[in-house]
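J.: Quick mapping for you: the protein sequence lines, in order, are chains A, B and C. Numbers in this note's numbering are just positions in the first sequence, counted from 1, shifted up by 19. Numbers in this note's numbering are just positions in the second sequence, counted from 1, shifted up by 19. Numbers in this note's numbering are just positions in the third sequence, counted from 1, shifted up by 19. Heads up, the beta-carbon is just placed ideally off N, CA and C, and yes, glycines get one too.
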Amino acid sequence: MTHKATKIVIITEKLIQDGVARIIQQAGASGYTVVAAGGKGSRGVRSSGRPAVVDAFANVKIEVITSNREMADRIADEVAATYFENYSGITYLEEVEVLRPHKF
Amino acid sequence: MTHKATKIVIITEKLIQDGVARIIQQAGASGYTVVAAGGKGSRGVRSSGRPAVVDAFANVKIEVITSNREMADRIADEVAATYFENYSGITYLEEVEVLRPHKF
Amino acid sequence: MTHKATKIVIITEKLIQDGVARIIQQAGASGYTVVAAGGKGSRGVRSSGRPAVVDAFANVKIEVITSNREMADRIADEVAATYFENYSGITYLEEVEVLRPHKF
């Protein structure tokens with residue numbers, strides 16, 4: 020009943036949420052989840068020189084369950100190439116076991 | 020000081036949050052965490068035919084640290100049987116290492 | 020392009036968010052992410068005897084990607100020693116694969 024999948028997590032600025040979502044959908048993912056997030060990056064300021072966000076929820080944590088690792092890599096590469104020169108972000112992968120993939 | 024545990028993550032519609040929480044507690048879990056979430060499912064509309072939620076936070080991400088895999092499976096099965104004919108949702112498991120399980 | 024890392028997740032009361040963030044930064048972590056959370060702990064009341072939080076978002080879920088396991092352990096130990104006599108909380112670790120560690 021379960022199968023292995025790769026979860027890709029992208030934590031970045033809320034400003035680019037729509038663009039990241041477009042990349043996710045163009046890669047063929049069947050859905051994604053967005054959570055409002057705050058926090059602090061490594062340099063105290065964002066890539067663009069705007070002030071860093073510490074406690075407010077101006078970031079987003081976007082999660083995608085991908086059916087294969089190639090899709091996860093494609094999303095990560097495309098997001099980095101498109102946005103991470105000008106916006107702060109981190110992307111990481113986790114192995115998960117999906118119990119009900121067929122509807123979401 | 021640490022021990023392995025299974026984390027179960029249920030991402031579903033906020034409407035059924037209370038029902039899912041009841042199932043979690045009846046399964047014997049000692050606690051759970053709820054985060055407001057938005058996102059997009061696989062079919063553009065929800066199971067019930069209501070419009071899909073894209074950017075608003077009408078979904079929830081519910082996490083439970085279970086002390087054994089059987090409890091995780093029981094929660095997943097019961098949530099799916101009770102709700103996933105009529106509501107959108109995805110459930111997945113992750114292996115974690117718990118450092119302080121005795122109080123939360 | 021990727022490397023293994025340990026993610027530490029601390030779910031605790033919002034009241035101590037700033038103190039936990041200080042511990043994270045003093046341990047040398049380059050950043051962290053905070054998400055508002057609700058939920059229910061193991062005893063129905065908090066450690067301090069105040070009423071338990073069930074549905075409101077009076078908790079926080081704080082995530083840190085650490086470059087090594089020792090840093091993760093140090094953060095967990097320090098948070099527990101400083102706060103977990105008087106505040107509810109759970110800490111767990113997950114192994115992740117980081118794709119873009121250099122900027123966040």
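Are the beta-carbon atoms belonging to E82 (chain C) and L112 (chain A) less than 8 Å from one another?
T.: The residue you call residue 82 (chain C) lines up with position 63 of the third sequence. The residue you call residue 112 (chain A) lines up with position 93 of the first sequence. For E82 (chain C) and L112 (chain A), no; Cβs fall outside 8 Å.
J.: Which of the three DSSP states is assigned to A40 (chain C) in this structure?
T.: In the third sequence, counting from the first residue as 1, residue 40 (chain C) sits at position 21. Of the three classes helix, strand and coil, the one that applies to A40 (chain C) here is helix, per DSSP.
J.: Counting only beta-carbon separations shorter than 8 Å, does N105 (chain A) have a partner in chain C?
T.: Residue mapping note: residue 105 (chain A) aligns to position 86 of the first sequence, counting from 1. Chain C, which has no Cβ nearer than 8 Å to the Cβ of N105 (chain A), makes this no.
J.: If we define contact as Cβ-Cβ less than 8 Å, is G57 (chain A) a contact residue for chain B?
T.: Here the question's residue 57 (chain A) lines up with position 38 in the first sequence. Chain B, which has no Cβ nearer than 8 Å to the Cβ of G57 (chain A), makes this no.
J.: What is the DSSP secondary structure of A24 (chain A), reduced to helix, strand or coil?
T.: To locate residue 24 (chain A), count along the first sequence from 1; it is residue 5. Strand, per DSSP.
J.: Please decide whether I94 (chain C) counts as near chain A, where near means a Cβ-Cβ distance under 8 Å.
T.: Taking the first residue of the third sequence as position 1, residue 94 (chain C) is located at position 75. Closer than 8 Å: no.
J.: Tell me the residue span of the beta strand (DSSP E) that contains A55 (chain B).
T.: The residue given as residue 55 (chain B) occupies position 36 in the second sequence. A55 (chain B) -> beta strand (DSSP E) spans 51 to 59.
J.: Give the straight-line distance between the Cα atoms of Y106 (chain C) and I30 (chain C), rounded to the nearest whole angstrom.
T.: To locate residue 106 (chain C), count along the third sequence from 1; it is residue 87. To locate residue 30 (chain C), count along the third sequence from 1; it is residue 11. C-alpha separation (whole angstroms): 11 Å.
J.: Could you name the residues of chain C that V54 (chain A) contacts, counting a contact when the two beta carbons are closer than 8 Å?
T.: Within the first sequence, numbered from 1, the residue matching residue 54 (chain A) stands at position 35. Residues of chain C passing the Cβ test: V54.
J.: Where V64 (chain A) and L34 (chain A) are concerned, what is the direct C-alpha to C-alpha distance, given to the nearest angstrom?
T.: If you number the first sequence from 1, residue 64 (chain A) lands on position 45. If you number the first sequence from 1, residue 34 (chain A) lands on position 15. Its pLDDT being 39, under 50, V64 (chain A) is placed unreliably in this model, and the coordinates cannot settle the point.
J.: Between the alpha carbons of A100 (chain B) and D92 (chain B), how many angstroms are there, rounded?
T.: Taking the first residue of the second sequence as position 1, residue 100 (chain B) is located at position 81. Taking the first residue of the second sequence as position 1, residue 92 (chain B) is located at position 73. Distance between the alpha carbons of A100 (chain B) and D92 (chain B) is about 12 Å.
J.: Hey, would you say G108 (chain B) sits closer than 8 Å to T52 (chain A), going by beta carbons?
T.: Translated into the one-based positions of the second sequence, residue 108 (chain B) becomes position 89. Translated into the one-based positions of the first sequence, residue 52 (chain A) becomes position 33. Against a cut-off of 8 Å, the Cβ pair of T52 (chain A) and G108 (chain B) comes out as no contact.
J.: Mind listing the chain B neighbours of K80 (chain C)? Cutoff is C-beta to C-beta under 7 Å, in chain order.
T.: Translated into positions along the third sequence, residue 80 (chain C) becomes position 61. Here the neighbours are T52, V54.
J.: Around the Cβ of K23 (chain C), are there at least 16 other Cβ atoms within 10 angstroms (buried) or fewer (exposed)?
T.: On the third sequence, residue 23 (chain C) is found 4 positions in, with the first residue counted as 1. K23 (chain C) should be labelled exposed.
J.: Rounded to whole angstroms, what's the CA-CA distance from I94 (chain A) to I42 (chain C)? Just pull it up for me.
T.: The sequence position of residue 94 (chain A) within the first sequence is 75, counting from 1. The sequence position of residue 42 (chain C) within the third sequence is 23, counting from 1. Near 33 Å, if we compare the C-alpha coordinates of I42 (chain C) and I94 (chain A).
J.: By the 10 Å Cβ neighbour count, where 16 or more other Cβ atoms means buried, how is N87 (chain B) classified, buried or exposed?
T.: On the second sequence, residue 87 (chain B) is found 68 positions in, with the first residue counted as 1. Exposed.
J.: Could you name the residues that DSSP lists as bridge partners for Y111 (chain B)?
T.: One-based indexing of the second sequence puts residue 111 (chain B) at position 92. Y111 (chain B) pairs with A:V117, B:V28.
J.: Here's the rule: buried if 16 or more other CB atoms are within 10 angstroms of the residue's CB, otherwise exposed. What is E32 (chain B)?
T.: As a position in the second sequence, residue 32 (chain B) is number 13, starting the count at 1. Buried.
J.: For E89 (chain B), which three-state DSSP category applies?
T.: The residue given as residue 89 (chain B) occupies position 70 in the second sequence. E89 (chain B): helix per DSSP, three-state reduction.
J.: If you measure between the beta carbons of T25 (chain A) and E104 (chain A), is that distance less than 8 Å?
T.: Reading the first sequence from its first residue, position 6 is the one you call residue 25 (chain A). Reading the first sequence from its first residue, position 85 is the one you call residue 104 (chain A). Not a contact, by the Cβ cut-off of 8 Å.
J.: One question on the structure: do N78 (chain B) and A56 (chain B) come within less than 8 Å of each other, judged by their Cβ atoms?
T.: For the purposes of this step, residue 78 (chain B) is taken as the residue at position 59 of the second sequence. For the purposes of this step, residue 56 (chain B) is taken as the residue at position 37 of the second sequence. Yes, the pair counts as a contact, with Cβ atoms nearer than the cut-off.
J.: Shortest alpha-carbon distance to T85 (chain C) belongs to which of C:G38, C:Y102, C:V98, C:A48?
T.: What you label residue 85 (chain C) is simply residue 66 of the third sequence in a count that begins at 1. The candidate whose alpha carbon is nearest that of T85 (chain C) is C:A48.
J.: Of the residues that make up the stretch 29 to 45 of chain B, which ones have a beta carbon closer than 9 Å to any beta carbon in chain C?
T.: Residues passing the 9 Å Cβ filter: Q36, D37, A40, I43, Q44.
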